[in-house]
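Heads up, the thing below is written out as structure tokens.
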Amino acid sequence: MKLFIYTSYFLALLISLSAQEVEDYKEIHSNDNSTLLEIENNNTNIALIGEKNETKSKELYLRYTKYPASVYAKQQFAVELEAIILTPSDKFDSIVSTYTNGRKINITSGDIHWELVDDNVYKTKIIYKILNKKFKLPTIHLTLKLGGTEVNHVQVKAPSISYSSIGINQNNFSNVIANNLTVKDTQIKQYNNKMLMVILNIKALESNLEDFNLSQFSEQGINSFENNYPIQNILYYAIIPSHLNNIKFNYYNPILAKFITIKLPVSLEDILVSTQTDLNPNNKNLLIYKKIILLAFLIIMILFYLFTRKKAFIAVALIASVIAISLFIPNKKILLRPGTKVYILPTQLSTVYKITNKTLQAEFLMEKNKFTKILFKNKNIGWIKTSDIK
């Protein structure tokens, strides 16, 4: 009886050991391939990869370290990511990053470039611009390669970011969302007898300044745009009525969560000292006054000579006669080549408001810095490159 009990105990022990060995075998072979895990912890997305047969040690991490909780239409903003690469440096020679599954956004920062900031720690910044409420940030992929062959790969999904619309009922909204916006310089010039041209040099921080627009003006534009994130800069121009006393607009500050209003006075003194004050030297009223005054002066000098017989009055009268003759001589006519660009100002960066589609005749007014000021038959004034004259 005792022999039977000992034999049964021995067989049971043997069977249990064999079962344990089977479990060990399964566990070993279940770890034969790399495992990809995605973990979401404290609203921070993290992805990691395990080395073959070493489930306890991880060699590739990727996570978001900074991103906004909410964004607005057309807003430009940055997100920051951190990668921890524990793969030995001799096992890879390049880090390749790609985007997938994004929609209704622009990636304004271009390709992803990783910067080594500490041992095995890399960081990067990506700049997005939201197009509309249906946006979705892309999934970020990070791949380690050696000689073009993939060594390791990891991906991280975009964090959850809410969307808000602003400026719907704001008549003076400039379409700009910025952490700060300042007008560095204002220039006001005479455009014609009824209109002025205002030029604004605007600087903004973390903004969509390229979308700057004032709905109250029909003729406007951006001459130049510089984006050195987080700072943006534009040269903006608008044609405004000469009776306007100020220019008023606002932008939205997401940090303060409110609209900021900017009011710029239109100074008549700035207009009078402008180089464009005498925009049309052939203004008929002005020209008539000049001729009348000059002729009156000439008659007075002649009368003084007749009564005094002093030659000095004759000399002054001759000078006045030359000036008077020049006023009565019409401006020289010139021909413009087809395709000639007509600028608002005599600079390369000035706005082109017209391009001729055929040979046109215009009056020559003056020349400056390889540009020529011209007067069209419809009394519009503009600047062309002197080389475009036939």
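Numbering (our numbering), first residue to last: 1417 to 1806. For glycine and all other residues, C-beta sits at the position ideal for the given N, C-alpha and C.
Asked, Found
"Go through its chain and collect everything with a Cβ distance to residue 1478's Cβ below 6 Å, but skip five positions before and after it.", "1463, 1499, 1558, 1570, 1572"
"Who are residue 1611's beta bridge partners in DSSP?", "1657"
"I'd like to know if the region 1547-1565 and the region 1577-1591 are in contact, where contact means that at least 3 CB-CB pairs between them fall below 8 Å.", "yes"
"Residue 1540: buried (16+ other C-beta within 10 angstroms of its C-beta) or exposed?", "buried"
"Within this structure, are the beta carbons of residue 1538 and residue 1501 separated by less than 8 Å?", "yes"
"Can the beta-carbon of residue 1760 be found closer than 8 Å to that of residue 1778?", "no"
"List the whole-angstrom C-beta distance separating residue 1509 from residue 1563, where the pair is believed to meet the contact cut-off of C-beta under 8 Å.", "7 Å"
"Can you name the start and end residues of the beta strand (DSSP E) that residue 1637 belongs to?", "1636-1644"
"Where residue 1671 and residue 1705 are concerned, what is the direct C-alpha to C-alpha distance, given to the nearest angstrom?", "58 Å"
"How long is the line joining the alpha carbons of residue 1523 and residue 1659, rounded to whole angstroms?", "43 Å"
"Is the distance from the Cβ of residue 1621 to the Cβ of residue 1646 below 8 Å?", "yes"
"Applying the 10 Å Cβ sphere with the 16-neighbour rule, what's the burial state of residue 1422?", "Since pLDDT at residue 1422 reaches only 47, below the 50 mark, its modelled position is unreliable, and the value read off the structure follows with that caveat. Per the 10 Å Cβ criterion, exposed."
"Between the alpha carbons of residue 1460 and residue 1474, how many angstroms are there, rounded?", "Reliability of the predicted coordinates at residue 1460 is poor, the pLDDT of 37 falling under 50, and no value is obtained from them."
"Nearest CA to the CA of residue 1512: which residue from 1723, 1797, 1530?", "1530"
"What is the C-beta distance between residue 1680 and residue 1650, in whole angstroms, given that I count them as a contact (C-beta under 8 Å)?", "Not a contact, Cβ separation roughly 15 Å."
"For residue 1483, which three-state DSSP category applies?", "coil"
"Can you pull the DSSP bridge partners for residue 1580?", "1488"
"Sorted by chain position, which residues of the same chain lie with C-beta nearer than 6 Å to residue 1732's C-beta, five sequence neighbours on each side aside?", "1717"
"Roughly how many whole angstroms lie between the Cα atoms of residue 1720 and residue 1713?", "11 Å"
"Would you mind sorting residue 1736 into buried or exposed? The rule is 16 or more other CB atoms within 10 Å of its CB.", "buried"
"Compute the Euclidean distance between the alpha carbons of residue 1605 and residue 1487, then round it to the nearest angstrom.", "38 Å"
"On the criterion of 16 or more Cβ atoms from any shown chain inside 10 Å, does residue 1756 qualify as buried, or is it exposed?", "buried"
"Straight-line CA distance for residue 1815 to residue 1542?", "Since the displayed the chain opens at 1417 and closes at 1806, residue 1815 lies outside it and no answer follows."
"Beta carbon of residue 1663, beta carbon of residue 1652: below 8 Å?", "no"
"Let me know if residue 1673 comes out buried or exposed under the rule of 16 or more other beta-carbons within 10 Å of its beta-carbon.", "exposed"
"May I ask which residues mark the beginning and end of the beta strand (DSSP E) holding residue 1763?", "That residue, residue 1763, is in no beta strand (DSSP E); it is neither H nor E in DSSP."
"Tell me whether the beta-carbon of residue 1683 lies closer than 8 Å to the beta-carbon of residue 1648.", "no"
"Round the Cβ separation of residue 1476 and residue 1556 to the nearest angstrom and send it over; I've been treating them as touching at under 8 Å.", "About 13 Å separates the two Cβ atoms, so there is no contact after all."
"What does residue 1498 pair with, by DSSP beta-bridge criteria?", "1479, 1539"
"Please state whether DSSP places residue 1466 in a helix, a strand or coil.", "Bear in mind that a pLDDT of 35 at residue 1466, under 50, signals an unreliable position, so the number given afterwards is only what the model happens to contain. In the structure shown, residue 1466 sits in a strand (DSSP, three-state: E or B)."
"Sort 1575, 1517, 1597 by Cα distance to residue 1482 and report the nearest one.", "1575"
"Return the bridge partner residues of residue 1795 from the DSSP annotation.", "The partner list for residue 1795 (beta bridge, DSSP) is empty, contrary to what the question assumes."
"So what's residue 1458 in DSSP terms, helix, strand or just coil?", "In this predicted model, residue 1458 has a pLDDT of only 33, less than 50, meaning its place in the structure is not dependable enough to derive any value."
"Helix or strand or just coil, what does DSSP make of residue 1437?", "Residue confidence for residue 1437 is low, a pLDDT of 40 falling below 50, so the modelled location carries little weight and cannot support an answer."
"What three-state label does DSSP hand residue 1592 in the structure shown?", "strand"
"In chain order, what residues of the same chain lie with their CB nearer than 6 Å to the CB of residue 1730, ignoring the 5 residues before and after it?", "1721"
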